[in-house]
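The block underneath contains the structure these notes are about, expressed in structure tokens.
Number of protein chains: 2
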Amino acid sequence: MATVAGREDDRTGQSTIDRLQALVAEDLRAVNRLIVDKMDSPVSLIPQLAGHIIASGGKRVRPILTLLAAKLCGYTGQRHVGLAASVEFIHTATLLHDDVVDESLLRRGNASANALFGNKPSVLVGDFLFSRAFQLMVADGSLKVLGILSEAAAVIAEGEVLQLITANDTTTSEESYLEVITAKTAKLFEAACRLGAIVAERPAVEEEALQAYGRNLGIDFQLVDDALDYSARQAVLGKAVGDDFREGKLTLPVILAYRRGSEEERSYWRRVLEDVDQSDGDLDRAIALLDRHGTVADTVERARHYGILARDALDLFPEGVEKTALAHLVDFCVSRAF
Amino acid sequence: MATVAGREDDRTGQSTIDRLQALVAEDLRAVNRLIVDKMDSPVSLIPQLAGHIIASGGKRVRPILTLLAAKLCGYTGQRHVGLAASVEFIHTATLLHDDVVDESLLRRGNASANALFGNKPSVLVGDFLFSRAFQLMVADGSLKVLGILSEAAAVIAEGEVLQLITANDTTTSEESYLEVITAKTAKLFEAACRLGAIVAERPAVEEEALQAYGRNLGIDFQLVDDALDYSARQAVLGKAVGDDFREGKLTLPVILAYRRGSEEERSYWRRVLEDVDQSDGDLDRAIALLDRHGTVADTVERARHYGILARDALDLFPEGVEKTALAHLVDFCVSRAF
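Going line by line, the protein sequences match chains A and B.
Under this note's numbering, the first sequence has 701 at position 130, and the numbering climbs by one with no breaks.
Under this note's numbering, the second sequence has 635 at position 64, and the numbering climbs by one with no breaks.
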């Protein structure tokens, strides 16, 4: 599976993202200009708060997907810029609400918007950005696009609610977990890629291929994220280890460890994740148990499987820099784990 | 100003709303069916929570406005039903997020969704309903409608953020206050009415007249609401008195009393609203101060002014039951204060 790109990556995988950003540099600058323009408001707290999260080191993976997918489909117009900004606004609104729901104090290594500005403006500015996303779609003028992104937004919210329900429930199945991450993460990846085929007016088979690429990449991405949350690699990437653990989130490494564990281990998991009765040493024990059962590695293996599906979905597109870049993005996702 | 309808009203004004609901009874049933249908989700917490707020005694004022405005314009199709449901979903999403932001424990005399289900699902189900509102608009298929409601949603969020900023600030001006209520309340009233002219494909002058009716009615409505929050009438209507006071919200009765007050009174207002340092007897003193300066009555007088503007905006429409009903709704708004 390892490719030249994968091996070239530095320890944080930054070079892959840099190269992707370089490939769509001009379009991405236009997207960033549009984002800054559309997050403005006479109510100055809105651009302050939105600017904090939008400027704080996001990799712009989702808008890059729209830009690259459009180029892969031979698109030469400008619609992809507005739609990429719309996708990023939906993502940002979701992040703001997520951080409120998760009571997160950190986002990308910086203070989260809710920690800095409070929960209340984070909820309301999320609503504002969500509305702006729809205004950008209306400006684009395609009911098909509006249908795709409004459905994606509803599915994301459903996924987030489902995640909330399965939190602290150690009986959560791998299937439920997959349902959650497909909805909360993969749906927007899928839509972001699909938009590329739509603006280029490509046939349904290509639209579906890009959807499949995006969906599988999104699942891959979230699986690796959830594996990293228990991995020392996370610290190298500048993020805290054990966030999911502290919130009692049932992610795949834990779901597998619970099922493979002894009755005594399961009772430990119930205490720390269901009762959220955690003290010093509990996170270390969790990591040791995941290690004993090899579940972080198995989660990454599952991710690799979805990565293969994502790469295969690109097969019907012509060779070229965009196709290579989208394939490298798959490698990048998994490479973050090492 | 008092009309037959106004005088006929029972003490809660319920008969006016009953008659309005009766006038669009069949359409309103269709709206309610659509609401129940579209709030459904395999994630059962979503219809549970959404059902709690949607079923809990809302008067459906905004969807009724869309239905009545469409009928006033002679519309005989079915588009107004879906759009009325969309308007109610936007309103409900806003209520869910408002209650989280305001930390309200009561809504329409019942436990609020956040009190019953927690803040987290309230935020996420709000997002879900907001997305559903857009899906309903997409099903309607008009980019103009999508533009109007996505802009309204952005303006509502701006108004809510502005309200948050002016909370606890006793120097808030009447102009800032008007800006907040025009955005957070009147904008959706305005859009709800405008949709009636749009589905009936009426000329711009009628669209604008219905917008003016809705906007002024919305300002009227919110002014009376804010007056009632300090009025014994509130208790008759089954709501708690002093919610705005406890939250340190700067509404017009207080804004006027602060400006008219002595230095000693202003120092009291700063303690209770800026520092939110409140103890027994403080609400009573607030009500006594508002009474001394006559600011609740003056707030209702301001409301009456906007009510007159709303009624006048109806002038160019032909006489008929719908026009009479919309005029009665204005009387109802002000009559709640007595």
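Backbone N, C-alpha and C define an ideal beta-carbon position, used for all residues, glycine too.
This structure is a prediction, so every number in the text was calculated from the model and none was measured.
Check: From B:K691 to A:G819, what distance separates their C-alpha atoms?; Outcome: 15 Å
Check: B:A803 by DSSP, collapsed to three states: which one?; Outcome: helix
Check: Rounded to whole angstroms, what is the Cα-Cα separation between B:L654 and B:E836?; Outcome: 48 Å
Check: What does the Cβ neighbour count give for B:G680, buried or exposed, with the cut at 16 atoms within 10 Å?; Outcome: exposed
Check: Give me the chain B residues within the contact set of A:G712, using Cβ-Cβ distance strictly less than 8 Å, ordered along the chain.; Outcome: L714
Check: For B:N681, which residues does DSSP report across the bridge?; Outcome: B:R678
Check: Is the beta carbon of A:L667 sitting closer than 8 Å to the one on A:A686?; Outcome: no
Check: How many angstroms separate the CA atom of A:D815 from the CA atom of A:R804?; Outcome: 15 Å
Check: Please confirm if A:G718 has its CB atom under 8 Å from at least one CB of chain B.; Outcome: yes
Check: The alpha helix (DSSP H) with B:L552 in it runs from where to where?; Outcome: The requested residue 552 of chain B is not part of the displayed model; chain B covers only 572 to 909.
Check: Note the first and the last residue of the continuous alpha helix (DSSP H) segment covering B:Q619.; Outcome: L616 to A626
Check: Inspect the CB distances between the stretch 637-656 of chain A and the stretch 592-610 of chain A and report whether three or more fall short of 8 Å.; Outcome: yes
Check: When you compare the CB of A:I736 with every CB in chain B, is at least one pair closer than 8 Å?; Outcome: yes
Check: Against chain A, does B:H668 count as a neighbour if the rule is that its beta carbon must be under 8 Å from one of theirs?; Outcome: yes
Check: Please confirm if A:V901 has its CB atom under 8 Å from at least one CB of chain B.; Outcome: no
Check: Among the candidates B:L799, B:E722 and B:A754, whose CA atom is the shortest distance from the CA of B:R786?; Outcome: B:A754
Check: Over the uninterrupted alpha helix (DSSP H) stretch that includes B:G718, give me the two end residues.; Outcome: L714 to T737
Check: Count the other CB atoms within 10 Å of the CB of A:E824; is the residue buried (16 or more) or exposed (fewer)?; Outcome: It is worth fixing the name first, because residue 824 of chain A is Pro in this sequence and not Glu. Under this definition A:P824 is a buried residue.
Check: So, at 6 Å on beta carbons, what are the nonlocal neighbours of B:T870 in its own chain, with the 5 sequence-adjacent residues on each side left out?; Outcome: L794, A798, L823 and P824
Check: When you compare only the Cα positions, how much space is there between B:R633 and B:Y784?; Outcome: 13 Å
Check: Return the residue from the list A:L880, A:E872 and A:G832 that minimises the CA-CA distance to A:A857.; Outcome: A:G832
Check: For the ligand SAH, I want to know if A:S627 counts as a neighbour, meaning its beta carbon is within less than 7 Å of at least one of the ligand's heavy atoms.; Outcome: You won't find the ligand SAH in this model; it holds no ligand whatsoever.
Check: Out of curiosity, what's the CA-to-CA distance linking A:A725 and B:R703?; Outcome: 6 Å
Check: Comparing alpha-carbon positions, which option in A:A884, A:F701 and A:M708 lies nearest A:A898?; Outcome: A:A884
Check: Compare the C-alpha of A:L887 against each of A:G712, A:A775, A:A656 and A:E761 and name the closest.; Outcome: A:A775
Check: Who are the near neighbours of B:A757 in its chain, counting only those whose CB is closer than 6 Å to its CB and skipping five residues on each side?; Outcome: R786, G789 and I790
Check: Leaving out the 5 sequence neighbours to the left and right, which residues in its chain are closer than 6 Å to B:V847 when beta-carbon positions are compared?; Outcome: G819
Check: Taking 8 Å as the cut-off, decide whether the C-beta atoms of B:V614 and A:L733 are in contact.; Outcome: yes
Check: Counting only the same chain and skipping the five closest in sequence on each side, list residues whose C-beta sits under 6 Å from that of B:L591.; Outcome: I635 and A896
Check: Is there contact between the stretch 617-627 of chain B and the stretch 736-747 of chain B, where contact requires at least three CB pairs shorter than 8 Å?; Outcome: no
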